[in-house]
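Since the structure comes first, as structure tokens, the remarks are kept for the end.
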Amino acid sequence: MGRTEQSDVGLRRREVAPTIVPLIINFGPSYRLFSGAADGHAAIVRSSFVAGLYDTWAAVEGATNSCAMQVNFTPLAAFQLLRMPLNFFVHD
């Protein structure tokens, strides 16, 4: 799924805990990611990333213009591809 977004102000979106493992391939400015489980809600800045399985909300903050592609994997397919446990928030 490809996505482009344009806005006069930055965008902040709250995401619920996923049942899929998304791979985000970014072609624009980096995203700021916040985990609901993080102390003080410190941001992680990433361009492209894989979001693992977690049990809380997350927030994604983007610039006024963004362009990215998202590939959704089932947990089993993601494990077969990554060969690592999937209980992480964000991985480069």
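The numbers in the numbering used here rise by one with no breaks, and the one at position 17 of the sequence shown is 22.
Ideal Cβ placement from N, Cα and C applies to all residues, glycine included.
Here the structure is a predicted model, which means the values were calculated and not measured.
In whole angstroms, give me the CA-to-CA distance for residue i and residue j.
i      : j     : result
Cys72  : Ile49 : 19 Å
Phe94  : Ala22 : 10 Å
Leu58  : Gly15 : 26 Å
Arg37  : Met74 : 17 Å
Phe84  : Asp60 : 18 Å
Ala117 : Thr24 : Since the displayed the chain opens at 6 and closes at 97, residue 117 lies outside it and no answer follows.
Gly33  : Arg17 : 16 Å
Buried or exposed for residue i, please, with buried defined as at least 16 other CB atoms from any protein chain shown within 10 angstroms of its CB.
i     : result
Leu81 : exposed
Phe54 : buried
Ile29 : buried
Reducing DSSP to helix, strand and coil, say where residue i ends up.
i      : result
Phe100 : Summary: the structure shown does not reach residue 100, with the chain confined to residues 6 through 97, and so no result is reported for it.
Ala63  : strand
Taking the DSSP output, what are the residues bridged to residue i?
i     : result
Gly33 : Looking at the DSSP assignment, Gly33 forms no beta bridge with any residue, so it has no partner.
Pro27 : Asn77
Ala83 : BP columns for Ala83 are empty, so no partner.
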